[in-house]
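Visitor: Take any residue in the sequence shown, note its place counting from 1, add 31, and you have its number in this note's numbering.
The structure is given below, and queries will be raised subsequently.
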Amino acid sequence: MKIENLLDKIHGSVIQNRFLQIFTAFTRILLAIGFIPPSIKKIMNEPFTILPDSNPVGHYFNALYQTGFYYQFIGWAQLIAAILLIFPRTAHLGALMFLPIILNIAVLTNSVGFAGTWLITDLMLIAAIYLVCWDYDRIKAIFFQKGKVKA
32 MKIENLLDKI HGSVIQNRFL QIFTAFTRIL LAIGFIPPSI KKIMNEPFTI
82 LPDSNPVGHY FNALYQTGFY YQFIGWAQLI AAILLIFPRT AHLGALMFLP
132 IILNIAVLTN SVGFAGTWLI TDLMLIAAIY LVCWDYDRIK AIFFQKGKVK
182 A
């Protein structure tokens, strides 16, 4: 059996589960809610934290804040990903957009020494991976080619 057929079969049986359908909707909303407040702070060009530069976390966020446009760009990306996650028609795009953002945040929190925050961001990363897998049928064309294109 081809891997694509196996994944199609597994995905088909998983998305039929009513509990997982509700869990997925809840996860999308929870992740969106988790991104909206920090994105608004960045869009409004407000500092994310008040930690001093002597703290590695404060130093990182102060430097990020000083970038100006890039700081606001990250905020807009977070807000757009959050909004896309809320609506079922665009949730797959939101999950694809959310994944690299939260991966970056998870790597940051694990490497800079955020006390306790690493657990939250790691769980958000797992949830984002789950949502990408949930929408496998909508994004599988990225990984599997339907047919050969004639030259």
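Where a beta carbon is used, it is the ideal one built from N, C-alpha and C, also for glycine.
Keep in mind that this is a model prediction, so the values were computed, not measured.
Hey, LYS73 and TYR91 are a contact pair by Cβ (cut 8 Å); roughly how many whole angstroms apart?
Guide: That pair is no contact at about 14 Å.
Visitor: Leaving out five residues before and five after ALA63 in sequence, what residues of the same chain have Cβ atoms less than 6 Å from its Cβ?
Guide: Within the same chain, ALA63 has close Cβ partners ALA113, LEU116, ILE117.
Visitor: Determine the DSSP secondary structure at LEU82, reduced to helix, strand or coil.
Guide: Coil, per DSSP.
Visitor: Kindly confirm or deny that the stretch 77-94 and the stretch 129-148 touch, where touching means at least three C-beta pairs closer than 8 Å.
Guide: As far as the Cβ criterion goes, the stretch 77-94 touches the stretch 129-148, which means the pair count is three or higher.
Visitor: Compare the C-alpha of GLY106 against each of ILE71, SER44, ALA126, THR121 and name the closest.
Guide: Among ILE71, SER44, ALA126, THR121, the Cα nearest to that of GLY106 belongs to ILE71.
Visitor: Distance, Cα to Cα, PHE129 vs CYS164?
Guide: Cα to Cα, the separation comes out at about 13 Å.
Visitor: Give me the Cα-Cα distance between ALA158 and PRO69, rounded to the nearest whole angstrom.
Guide: Spanning the two alpha carbons is a distance of roughly 18 Å.
Visitor: Tell me which same chain residues have a C-beta within less than 7 Å of the C-beta of ILE133, skipping the five on either side of it?
Guide: Cβ neighbours of ILE133 beyond the five flanking positions: THR152, MET155, LEU156, ALA159.
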